[in-house]
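Worksheet: the structure to be examined is printed underneath.
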Amino acid sequence: MTTTTAKGLGVVGWLRWGWRLLTSMRTALILLFLFALASVPGSIFPQRSISPDQVARYFQDSPGTARWLDRLSLFDVYTAPWFAATYLLLFLSLAGCVVPRAATHYRELRRPPPAAPRNLSRLPRHATLETPGVTVEQYAAALRGKRWRTVTGPGWVAAEKGYLRETGNLLFHAALLALLLAVGLGGLFGYRGNVLVVEGNGFANTVAAYDRYIPGQRVSAESLEPFSFTLKDFQATYVATGERRGQPLDFSARLSVSDRPGAAERPYDLKVNEPLEVNGTQTYLLGHGYAPVFQVTDGEGQVAFDGPVPCLPVDQVTYLSECVIKAPDAEPEQLGFLVRFLPTAVPAADGSWVSVFPGAANPAIQVFAFSGDLGLRDGAPQSVYRLDTAKLKPLVMGDKTKPLAVGESLTLPGGAGTIRLGGVREWISLQIAYDPGRVPALIAASLAVLGLVLTLTVRRRRVWVRVPQDGEGPAEAGGLTRTEGGGAAFAEEFSQLVTALSGLHGREAATRQGVKDVH
1 MTTTTAKGLG
11 VVGWLRWGWR
21 LLTSMRTALI
31 LLFLFALASV
41 PGSIFPQRSI
51 SPDQVARYFQ
61 DSPGTARWLD
71 RLSLFDVYTA
81 PWFAATYLLL
91 FLSLAGCVVP
101 RAATHYRELR
111 RPPPAAPRNL
121 SRLPRHATLE
131 TPGVTVEQYA
141 AALRGKRWRT
151 VTGPGWVAAE
161 KGYLRETGNL
171 LFHAALLALL
181 LAVGLGGLFG
191 YRGNVLVVEG
201 NGFANTVAAY
211 DRYIPGQRVS
221 AESLEPFSFT
231 LKDFQATYVA
241 TGERRGQPLD
251 FSARLSVSDR
261 PGAAERPYDL
271 KVNEPLEVNG
281 TQTYLLGHGY
291 APVFQVTDGE
301 GQVAFDGPVP
311 CLPVDQVTYL
321 SECVIKAPDA
331 EPEQLGFLVR
341 FLPTAVPAAD
351 GSWVSVFPGA
361 ANPAIQVFAF
371 SGDLGLRDGA
381 PQSVYRLDTA
391 KLKPLVMGDK
401 TKPLAVGESL
411 TLPGGAGTIR
421 LGGVREWISL
431 QIAYDPGRVP
441 ALIAASLAVL
451 GLVLTLTVRR
461 RRVWVRVPQD
471 GEGPAEAGGL
481 TRTEGGGAAF
491 AEEFSQLVTA
501 LSGLHGREAA
511 TRQGVKDVH
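Residue numbers (UniProt numbering): 1 to 519.
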C-alpha cells in the first residue's frame, strides 16, 4: 500500500490563487464599496485642496483632534496612501474581471441559439399552435421580424433575445475602469491651487502666486496656462427684509482677463458654478469676505502699515470677521492688532457691539492693540491670521468701546501710534484647476449609467417552435427566461408572441395555451 503526500501550492500556485481572488466579481464589488466608503471622509471633513481656510479654522478650534485627523490624512483624503491603495486594487480587479468576461461575451454573441429541446412542454412557458401548413421558415421570419436572433433545424426554430443585458453589464464595468483611468490621468497631468484676491489686485497663473499649489506628478511650472486677471469689483446680494433677511441671493466677481501675455483684456463675470475657463483651466469662485483698509502710524509718526487686510468670517450668517495686523517696522516698539470687523454694526443691550447683516451697511471695526516683540526676527514661520499675544503688552481692548467707522482713527496710549480705518474692500477665494481627465470622466460616468440601465431593464430569453415533420398535427412553442425575477414580464411577452405566431396561417386560430411554472 502506498501513500500519497499532497503537495503545497508553491509560489506560483499562491500567486494564481491570489490573482483569481482579486479578479473575481465578488472582490470587485467589495472593492467598489470600499472605494465609495473611503470617499466619505472627504465630504465630512474640510479638505486642504478645496477649503484651506476651513482646515486652518479646524486646527484653531480643535487642535488636538485636528492633529489626529491629519495623521490619518483625513484633511487630504484623495491623496492619502490608503485611498490610493484602494484605487489601485479596484483598478486591477476591474481590469482582470472585465477582459475575460468580454472575450466570453464575444464568443457568446457568435454562438447561435441552441437547438430545440425534444419536450417543449417541460419548459416554464409552453403553448400549442393550431397553425396547419405554416413552415419552419415562416416561423423564423416572423420571429426575426420581432428582432429575435434565429436559427433553424429539421422541424424546429430556435430564437434568442436579450444579449444587451450582458453587454450593458460589461459596459458598466468597463466604464468604471475608464473612470478610474480618467481620475488617474487628472492626477498625473492636472493641477489645482487656491488663492485669495482682494478687490483691485490681480493674479497671474504662476506657481509663486498661489497660496496653496498641488501639482500632478507630471506637471512642471512651465506647463501652467499663462493667463492673468484683475479683480475689478465684487458684488454680494442678500435678502434685505423678511424672515429670510441676510440670506445670500447672488455673488458676482467682475474680472478683467488676459488669456496670454500681450493679449487684449476681456471682461468676465465670475459666479458660483460659472467658472472662468482659459484653454481647459477652470477658475472657480469658492468664497468671499471683507478686507478693511488700514493705515498704521508708529510712535515716531512714520507709516508702519498701509493696505487692505483680509478678514476671515467667524459667523457665516452676519459675516462678523476677524483679522490680524502686524507692523514689525514700527518704532520704538513693534505693533500688533487683533481686529474684529462688523459689516453692519449695531449696539447690543449689554453694551457690546454686534453685526446684524452680512452686507456692509454700517461697516466698523473693534481694535485690540498690542506692542512688543512680534517674534518675527528669529525667522520662524507665522500664520498671517494669528497673533501670539503671550509676550505682548496690551494697549487697547476694544470689545466694549464704540467701534471705529470708515475714516475714523484710534490713538494708541503712551504715544505708541495710531490706527485708521481707511475703507472697506472685499476679497474672493478661488480654486484654479486643470484636469485633463474631467471630460473623459464625464463620458465614462454617462456610459456607466447607460450600462447599468441596460443591465437592469433587458432580460435574456429563449423561444423554440417545433413543427411536425409530416405537417400533421399542431406545432409547439416553448420558452424560458435566463434572468432571475423576469418570469412575470416574460409570461406576458410569450403570450403576445404566441398570439402573433398563431395568426400566421391567415385565419382565426384556436390556440390551446398551457402555461406552467417549473420550480
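From the three backbone atoms N, C-alpha and C, an ideal C-beta is built for every residue, glycine too. Bear in mind the structure is a predicted one, so any value in this text is a computation, not a measurement.
- Taking a C-beta distance under 8 angstroms as the contact criterion, alanine 175 and alanine 444 qualify as a contact pair.
- Tyrosine 434 has its alpha-carbon roughly 5 angstroms from the corresponding atom of tyrosine 191.
- DSSP, reduced to helix, strand and coil, places isoleucine 214 within a strand of the structure shown.
- In the structure shown, the three-state DSSP call for alanine 345 is strand.
- The Cβ atoms of serine 258 and phenylalanine 229 lie closer than 8 angstroms to each other.
- For asparagine 169, the three-state secondary structure derived from DSSP is helix.
- Annotated three-state conformation of leucine 404 is strand, per DSSP.
- For tryptophan 427, the enclosing beta strand (DSSP E) has its first and last residue at 417-434.
- Around the beta-carbon of tryptophan 17, fewer than 16 other beta-carbon atoms lie within 10 Å, marking it exposed.
- Assignment of beta-bridge partners to methionine 397 by DSSP yields Phe368.
- Following the DSSP letters along the chain, one finds isoleucine 325 inside the beta strand (DSSP E) bounded by residues 321-327.
- DSSP places threonine 411 within a strand segment (E or B) once states are collapsed to three.
- Three or more beta-carbon pairs separated by less than 8 angstroms link the stretch 166-174 to the stretch 97-110, which places the two stretches in contact.
- Each of Phe370, Glu484, Arg466 was checked against the Cα of threonine 455, and the nearest Cα belongs to Glu484.
- Scanning Gly336, Asp269, Tyr139, Leu320 for the CA closest to the CA of valine 346 turns up Leu320.
- Our two residues, proline 363 and threonine 86, have alpha carbons roughly 50 angstroms apart in a direct line.
- Each residue's CA atom was taken as its position, placing serine 49 and glycine 289 some 19 angstroms apart.
- Taking a cut-off of 8 angstroms for Cβ pairs, the stretch 284-299 and the stretch 322-332 touch, as three or more such pairs fall below it.
- For the pair arginine 466 and threonine 481, the CB atoms are not nearer than the 8 angstroms cut-off.
- Counting other Cβ atoms within 10 Å of its Cβ, glutamate 472 stays below 16 and is therefore classed as exposed.
- Unbroken alpha helix (DSSP H) runs of no fewer than 4 residues, entirely contained in the stretch 103-185, are found at 136-145, following chain order.
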